[in-house]
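J.:
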Amino acid sequence: MGRPNDEVVFPGEGLHVDFGSWKNVGIPGGNPRNQMSPKEFPQVPELFAPLCFLRLDIAKMDRAAFFDLQPPSQGRPDLVVAFFGRLIRLGLRLEVISVSNLLKGLCQAKRTNEAVALLLHGTPELDCVPNVFSYSIVINGCFKEGEVDKACNLFHGMIQLGVQPNVVIYTSIIDALSKCRAMDKAEVVLQQMVDQGIEPNIRTYTTLIHGYSASGQWKAAVRVFKEMASVGVLPNAVTLNSFMDSLCKHRRTKEARVIFDSMAAKGQKPDVVSYSTMLSGYAKEGCFDDMTCLFNSMLQNGVVPNHHIFNILINAYAKRGLMDAAMHMFEVMRQQGVNPDVFSYQIVMDSLCKMGRMDAALDKFNQMVNQGVSPDIVVYRCLVLGSCSHGDFEKAKELISEAVNRGLCSNSVFFYPVINDLCKEGKVKEAQDMFDFIVGIGQRPDVIMYNSLMDGYCLVGKVEEALRVLDAMKSVGLQPDAFTYGILLNGYCKIGKIADGLSLFREMSLNGVKPMTIMYNIILHGLFFSGRTVSAKEIFHTMNASGIPVGVDTYNIVLSGLCKNNCTDEAIELFKKLRAMNVKINVIILNTMISAMFKTRRIEEAKDLFATISAIGLVPSVVTYSVMMTNFIKEGLLAEADDMFLAMEKASCAPNSSLLNQVVRALLEKGAVVKAATYLAKLDAKQLSVEASTISLIVSLFSGEGKLREHVELLPVKYQPPESSADN
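Here is the structure:
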């Protein structure tokens, strides 16, 4: 069956363009009844309509003159496509410039796939070889549609076909890779560009600087900026703004200010973006004097501040608690002809709520409404959370009702934070009341809100109430998800109901909910903590067999659980397997295994593991040093314990109260009173507290019949038990 005459087929991949909108256009020799007058012809009387109306022989027209009739692509790219469809039907040969315009029309009409098909397969059939501009149009079209892989494939394909990319195409590829944070690949393309003798232009360098800035690599951005200057490419305002933004984001406003000041010297007047970048940088670093001076300079230089500038200043003052200064900026805004927007008000109200100044926040809200600024969902959420935080639940309900009436909060994006914050604060009763109110005004909570309420009950140990909420959720047709089970599972384990937790864990799988890694971690921790080692090992085996990702947290739970339940040899065997498999481990796991080595009297292996920490790029923690020192003391290796303390101080790892107290207790239990006194003195020198268990041990050892009674004078006087204790 033939294809309709008003549809043109391009060879390759079934590409076709529908020209049905042109079916009434008269063609010489056609049916006169299908003729249209110029007035009836849509949008383009200057093209086909006059020619058809006058019965001119289009086929005999000069091709160059005919192509001059093509419609502009801006606004109606579909007309460009239709126009060229007519040309093809008339048998006219298309030149590469015209094909490029057709490709441009397709891309602007968001028909990029058709443009790619025409470029790759249609042009040979049309006896037209695409050039670098044709490829540039389609590659950019792909990028605009988010088709990065397709654009890169075209880029590599054109090179293979002998079409040399130009600076525009290379820069487009570099820009796309930079936006994907693939800066290493962007550098490869840049080098390829240079190797082909194509010099990067200012847009190329600006793209790289922006890419490195977004990736957090400010030093690389500096390198590119210097490289650009070294090859004589002068940065424009866009480049300089991007470079300053990179520096400011990494708290290097001094260097950014040097660039800023150099702009005027080079004849490039800083614009509003330049000022906003510097002001934001100063605000983040708390340089309020510099921020204020720069803003005043901006006004003196005639640069008109916009909402963004003022909101930077208001936010900076409000976050610092300088509410008078923040309020003053509202007046300055109006003096500059800029009315505060909803974000300006929201910044101030949020800070006032956090400061507990709810009356002031509500006054600002009323002022905003009176000024004709409509509050958004963020404003209402801020005020509702503030009211709840300060116990005014009636006001919170009033605000919620108002927001609902305005149509601003018909989903959990608004309600969830209210319930969640109350639950996290332990105000589960209030959270339940607010939940019931939300349901009462006709809102339907989703699974996320139910989960939040269940989590609140579990946090206060009321798992039975959480199960009641679960039943209520099921009754309205909502099914529990993986997070629901995780919350309940954690609740059971926290209150020691491991059997119930294990039953729930098995029920979850039966209900078609696949357990996640975190759920396995919860049940494993609960089983090991309760001494149910056999069940824990079975669950761990199931986890591995099921293909569930096993992370470092899981391994730490299992290794620690095995060690605490006197399965140290199994822990060591598993640890050796992990190292053989090159599994990434952390310092917490190494601390656990060092303890295990000491526990089994493998002193040298414990030392080797400690040396491994630095060898694999990790840093020993205070816990690491504490484990090493206390175990050295237990083994009678007091000199090595002292050496470890010195190594810790040399590594700038400050000892905390827990470490020093543990060391003191270990030394006293070993009878090393003099050394214990030394570490007690360190506690005093660092103004750290002596724990109750340490004081209890001192009293036990040095009072009455204590075995160290005769050495009591070796202790600092403040730690010597009273004489009365000795007499009793």
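Mapping of the sequence shown onto UniProt numbering: position 1 corresponds to residue 1, and the numbering continues sequentially without gaps.
Where a beta carbon is used, it is the ideal one built from N, C-alpha and C, also for glycine.
Small disclaimer: the values here were computed from a predicted structure and weren't measured.
Less than 8 Å between the beta carbons of I259 and A283, yes or no?
T.: In this structure, A283 does not lie closer than 8 Å to I259 by Cβ.
J.: My output table needs one value for K150: the three-state DSSP class, helix, strand or coil.
T.: The answer is helix: DSSP assigns K150 an H, G or I state.
J.: Are there three or more Cβ pairs, one per stretch, closer than 8 Å when the segment 524 to 542 is compared with the segment 575 to 586?
T.: The segment 524 to 542 is not in contact with the segment 575 to 586.
J.: Restricting to Cα atoms, I'd like to know which of V552, E605, C567 is closest to V587.
T.: Per the Cα distances, V552.
J.: Count the CB pairs spanning the segment 134 to 150 and the segment 108 to 118 that are closer than 8 Å, and state whether there are at least three.
T.: Yes, the segment 134 to 150 is in contact with the segment 108 to 118.
J.: Cα separation between V447 and V418?
T.: Distance between the alpha carbons of V447 and V418 is about 15 Å.
J.: Within this structure, are the beta carbons of S213 and A221 separated by less than 8 Å?
T.: Cβ distance < 8 Å, so S213 and A221 count as in contact.
J.: Tell me where the alpha helix (DSSP H) around I314 begins and ends.
T.: It spans 307 to 319 - the alpha helix (DSSP H) in which I314 sits, taken as one unbroken run.
J.: What is the residue span of the alpha helix (DSSP H) that Y282 lies within?
T.: Residues 272 to 285.
J.: Report the start-end ranges of each alpha helix (DSSP H) in the segment 536 to 604 that is 4 residues or longer and not cut off at the edges.
T.: Listed in chain order, the complete alpha helix (DSSP H) runs (minimum 4 residues) inside the segment 536 to 604 are 552 to 564, 568 to 580, 587 to 599.
J.: Locate the alpha helix (DSSP H) running through R444, then write down its first and last residues.
T.: That residue, R444, is in no alpha helix (DSSP H); it is neither H nor E in DSSP.
J.: Would you check if there are 3 or more beta carbon pairs closer than 8 Å linking the segment 160 to 167 to the segment 176 to 183?
T.: Too few Cβ pairs lie closer than 8 Å, so no.
J.: Return yes when the Cβ of I557 is within less than 8 Å of the Cβ of N521, no when it is not.
T.: Yes, Cβ-Cβ distance for N521 and I557 is below 8 Å.
J.: I need the DSSP call for I695, collapsed to helix, strand or coil.
T.: If DSSP states are grouped into helix, strand and coil, I695 belongs with the helices.
J.: D684 lies in the alpha helix (DSSP H); which residues open and close that run?
T.: That run of the alpha helix (DSSP H) goes 673 to 685.
J.: Would you identify the three-state DSSP class for G491, choosing helix, strand or coil?
T.: If DSSP states are grouped into helix, strand and coil, G491 belongs with the helices.
J.: Please tell me whether V627 and N591 are closer than 8 Å, where the distance is taken between their beta carbons.
T.: Yes, they are a contact pair.
J.: Please report how far the alpha carbon of F598 lies from the alpha carbon of A676, in whole angstroms.
T.: Roughly 22 Å between the two C-alpha positions.
J.: On a CA-only basis, which of F225, F155, L527 is nearest F133? Give me that one, please.
T.: It is F155.
J.: Sort Y380, A651, G617 by Cα distance to Y625 and report the nearest one.
T.: Selected option, being the one with the closest Cα: A651.
J.: Pick helix, strand or coil for P417, following the three-state DSSP scheme.
T.: Reduced to three states, the DSSP call for P417 is helix.
J.: Consult DSSP for N166 and reduce its assignment to one of helix, strand or coil.
T.: In this structure, N166 counts as coil in the three-state DSSP scheme.
J.: Can you tell me whether I613 is buried or exposed? The criterion is at least 16 other CB atoms within 10 Å of its CB, across all chains shown.
T.: Burial call: buried.
J.: What residue range does the alpha helix (DSSP H) around M228 cover?
T.: It spans 218 to 230 - the alpha helix (DSSP H) in which M228 sits, taken as one unbroken run.
J.: Does the beta-carbon distance from S452 to C493 come in below 8 Å?
T.: Result no, Cβ atoms of S452 and C493 do not sit closer than 8 Å.
J.: Using a Cβ-Cβ cut-off of 8 Å (strictly less than) and excluding sequence neighbours within five positions of E244, which residues of its own chain qualify?
T.: Looking at the sequence itself, residue 244 is Met, so the reference to Glu does not match. The residues are A256, I259, F260, S274, T277, M278, G281.
J.: Based on Cα-Cα distance, which residue from I594, I633, A639 lies nearest to S621?
T.: Nearest C-alpha to S621: I594.
J.: Alpha helix (DSSP H) containing A472: first to last residue?
T.: Per DSSP, A472 belongs to the alpha helix (DSSP H) from 463 to 475.
J.: What's the call for L646, buried or exposed, on a 16-neighbour Cβ count within 10 Å?
T.: Exposed, since its Cβ has fewer than 16 Cβ neighbours within 10 Å.
J.: Hey, quick one: how far does the alpha helix (DSSP H) through Q367 stretch, first residue to last?
T.: Where Q367 is concerned, the enclosing alpha helix (DSSP H) stretches over 358 to 370.
J.: Apart from the five residues on each side of it in sequence, which residues of its chain come closer than 6 Å, Cβ to Cβ, to M333?
T.: The answer, listed in chain order, is F310, P340.
J.: Judging by CA-CA distance, which residue of F365, Y345, C382 is the nearest neighbour of K354?
T.: Selected option, being the one with the closest Cα: C382.
J.: Taking C-alpha atoms, which residue in V338, D363, Q335, Q336 lies nearest to V348?
T.: Residue D363 is the option with its Cα nearest to V348.
J.: When we look at the beta-carbon of N565 and count the other beta-carbons within 10 Å, is it buried (16 or more) or exposed?
T.: Looking at its Cβ environment, which holds 16 or more other Cβ atoms inside 10 Å, N565 is buried.
J.: By the three-class DSSP mapping on this structure, what secondary structure does N113 have?
T.: Helix, per DSSP.
J.: I need the straight-line Cα distance from A325 to E331, nearest angstrom please.
T.: Taking the straight line from one Cα to the other gives about 10 Å.
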